[in-house]
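Notes follow once the structure below has been shown.
There are 4 protein chains.
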Amino acid sequence: MKVKIGKEEMGTFLEEVFPQIDGMFAIDHLDEDLLVMRMFSDEKHLRPGNTVSGPSMFALADVAAYVATMCFVGKEALAVTTHCSIDFMRKPEADKDVLAHAKVLKLGKALSVTDVLLFSEGMEKPVAHASLTYSIPPMKQVAN
Amino acid sequence: MKVKIGKEEMGTFLEEVFPQIDGMFAIDHLDEDLLVMRMFSDEKHLRPGNTVSGPSMFALADVAAYVATMCFVGKEALAVTTHCSIDFMRKPEADKDVLAHAKVLKLGKALSVTDVLLFSEGMEKPVAHASLTYSIPPMKQVAN
Amino acid sequence: MKVKIGKEEMGTFLEEVFPQIDGMFAIDHLDEDLLVMRMFSDEKHLRPGNTVSGPSMFALADVAAYVATMCFVGKEALAVTTHCSIDFMRKPEADKDVLAHAKVLKLGKALSVTDVLLFSEGMEKPVAHASLTYSIPPMKQVAN
Amino acid sequence: MKVKIGKEEMGTFLEEVFPQIDGMFAIDHLDEDLLVMRMFSDEKHLRPGNTVSGPSMFALADVAAYVATMCFVGKEALAVTTHCSIDFMRKPEADKDVLAHAKVLKLGKALSVTDVLLFSEGMEKPVAHASLTYSIPPMKQVAN
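From first to last, the protein sequence lines stand for chains H, D, U and C. When the letters of the first sequence are read in order and numbered with this note's numbering, they come out as residues 2 to 145. When the letters of the second sequence are read in order and numbered with this note's numbering, they come out as residues 2 to 145. When the letters of the third sequence are read in order and numbered with this note's numbering, they come out as residues 2 to 145. When the letters of the fourth sequence are read in order and numbered with this note's numbering, they come out as residues 2 to 145.
Next up, the structure:
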């Protein structure tokens, strides 16, 4: 399975389709086996106890699974989250970026399943583990 | 099982512990059987296609499960999300508030499990369904 | 949404397609709002501690979600489990039947999502809570 | 983190505590990084379409997560499944054994989280992916 969209092109594409998340995330690495996505540490993500909030970690896992799927299906396609299971296992460090390691486990005609591990940068053990399903609706026929 | 914290007191408590979410959520109803929590429609929550984003719906489900748990265990306790499974089933309407209906299915000594259905206000069918587990660590003994 | 297959017809259909589970399950109730499915107490389901095993409860939740979906889509269709999230909350009683209360939350063209609560017969509080996704592949065209 | 119970001792322990599953499962490999557990192909596990049933795959994932947890906590401890999220991604082959690759992602005082990938023997791509949480209740004090 080869990627249809590389790292730079995907970064530009994300800024176009999700302008509201601009500046929050960056793609560190992207190939057919692994996507590494970075969420910059930022006060907005914090919750009491000086840790990264659950919704921010969910947002990172969701964007990572989206990018990992889209790089295979191409920019013309749609992909909509239909399910996420996420385990929060350790407290992330507030002043560290969070890195998502995403692997597409299945890419079917209608569904993708992506495994995502989240790490506080520099920590060996994951802070969270997620599995996300994206629905990939059949593309509309475009008349020329 | 009786609630230890009522609707008004819980609203004040939430503003204290989560000042960053002030103005985003409100408690519509709170008794031992059901919590109804409202997320105000707001441009920040939107994503392409003019719909409420997945992370915003996750945030609402998470806060609702937290409040539904805390009203039974009391303000001295801690409660930390350890798991969430969420199914996104329908597209929420962008200009409608989203309502969470949360029911605590289990309240054990160490864990709570809460079922949450999310609705666009005025729609009969749910937009999402979540199950959240909160870990309730044993309280630290406070020396006087 | 009206059921296409009633209780008796569904019972016969299940025996045809899953002969290996004959005698384990029965349909107590089936209408458009709720399916109640019974798993008979049986030594095979037991595990140490004299309780019903996790895999047996999973099997009941899975069959209940299948029946709840099939009664709307009809016997010609296929339906394949793609996801299950299940929380085990209380110890079931070994000598009681387990009842599944299943509600279809979404029935789309390609996917159904079903909420299932499991009870030991006669107990008020659920022993487990599951959410299952079934994929409903497009039907093959049948030539006449 | 070192294992307290090795492969042979764990095999004997499993036969003692779960006599009803004797002959269904075997431990292929066990060290601190990975457990590989085998489910023998068997007509009992089959479902229509000549594939391994969902409940059988759930049972394998559950036993694998149990063994992967117990090898660290020791035989005196208890461990009870509290949650499983499982994605069924591909059809297993009926006449092949199914192998579970289990890794403990977190081992806390009260909870473990284990990631499990299931493969039909000889196939490169996983047939299912699961995440299981085990609750590890505090050990009863034994008076001598």
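For glycine and all other residues, C-beta sits at the position ideal for the given N, C-alpha and C. Since the structure is predicted, the reported quantities are computational estimates derived from the model, not experimental observations.
Give the residues of chain H in contact with residue i, contact being defined as C-beta atoms less than 8 Å apart.
| i | result |
| --- | --- |
| A111/U | A111 and S136 |
| H130/C | L106, V114, D116 and S132 |
Going by other Cβ atoms of all chains shown within 10 Å of its Cβ, with 16 needed for buried, is residue i buried or exposed?
| i | result |
| --- | --- |
| P93/U | buried |
| A144/U | Here A144/U scores only 40 on pLDDT, less than 50, and its place in the model is too uncertain to base an answer on. |
| M2/C | exposed |
| A98/D | In the sequence as presented, Ala is not what sits at residue 98/D; that position holds Asp. Burial call: buried. |
| K76/H | exposed |
| K107/C | buried |
| V18/U | exposed |
| F1/D | The structure shown does not extend to residue 1/D, since chain D is modelled only from 2 through 145, so no value can be given for it. |
| P150/D | Summary: the structure shown does not reach residue 150/D, with chain D confined to residues 2 through 145, and so no result is reported for it. |
| Y135/U | buried |
| D29/D | exposed |
| P127/H | buried |
| Q142/U | Its pLDDT being 44, under 50, Q142/U is placed unreliably by the model, and the measurement read from it follows with that caveat. Classification of Q142/U: exposed, given that the 10 Å Cβ count is below 16. |
| T13/U | exposed |
| D96/D | exposed |
| M88/C | A small fix is needed here, since residue 88/C is Asp in this sequence, not Met. It counts as buried. |
| D43/H | exposed |
| D23/C | exposed |
| L118/D | buried |
| S121/H | buried |
List the residues of chain C that residue i touches, going by C-beta distances under 9 Å, in chain order.
| i | result |
| --- | --- |
| D86/U | Strictly speaking, residue 86/U in this sequence is Ser, with Asp absent from that position. H84, C85, S86 and I87, listed in chain order. |
| P127/H | L106 and K107 |
Give me the chain U residues within the contact set of residue i, using Cβ-Cβ distance strictly less than 7 Å, ordered along the chain.
| i | result |
| --- | --- |
| M2/D | Result: empty, since nearest Cβ-Cβ is about 10 Å, beyond 7 Å. |
In the DSSP assignment, find the beta strand (DSSP E) that holds residue i and state where it starts and stops.
| i | result |
| --- | --- |
| F120/C | L112 to S121 |
| K104/C | V99 to L108 |
| M40/H | L36 to M40 |
| A27/U | F26 to L31 |
| A78/H | Premise fails: A78/H is in no beta strand (DSSP E) and is neither H nor E. |
| A95/D | Looking at the DSSP string, A95/D is not in any beta strand (DSSP E), and its letter there is neither H nor E. |
| H130/C | A129 to S136 |
What is the C-beta distance between residue i and residue j, in whole angstroms, given that I count them as a contact (C-beta under 8 Å)?
| i | j | result |
| --- | --- | --- |
| V74/D | E33/D | Actually they are not in contact, since the Cβ atoms of V74/D and E33/D sit about 13 Å apart, beyond 8 Å. |
| A66/C | L133/C | 4 Å |
| L61/D | M40/D | 4 Å |
| M38/C | V114/H | Contact doesn't hold; Cβ gap of about 21 Å is too wide. |
| M11/C | L35/C | That belief does not hold up - the Cβ atoms of M11/C and L35/C are roughly 14 Å apart, past 8 Å. |
| S86/H | S86/C | 4 Å |
| H102/C | D116/H | About 13 Å separates the two Cβ atoms, so there is no contact after all. |
| I137/H | A78/H | 6 Å |
Can you give me the start and stop residues for the alpha helix (DSSP H) that residue i sits inside?
| i | result |
| --- | --- |
| D63/C | G55 to V74 |
| V81/U | First-last for V81/U: V81 to F89, but that is the beta strand (DSSP E), not the alpha helix (DSSP H). |
| F14/U | K8 to V18 |
Can you name the residues of chain U whose CB is closer than 9 Å to the CB of residue i?
| i | result |
| --- | --- |
| M90/D | L106, K107, G109, L112 and V114 |
Taking CB distances under 8 Å as the criterion, tell me whether residue i reaches chain E.
| i | result |
| --- | --- |
| H130/H | Note that chain E does not occur in the displayed structure, where the protein chains are H, D, U and C. |
Which residues of the stretch 51 to 81 of chain U have a Cβ closer than 7 Å to any Cβ of chain C? Give them in chain order.
Of all residues in the stretch 51 to 81 of chain U, G55, P56, F59, A60 and D63 have a Cβ within less than 7 Å of some Cβ in chain C.
When you check each C-beta in the stretch 112 to 124 of chain D against every C-beta of chain U, which residues fall closer than 9 Å?
Interface annotation for the stretch 112 to 124 of chain D against chain U: L112, V114, D116 and L118, criterion Cβ-Cβ distance under 9 Å.
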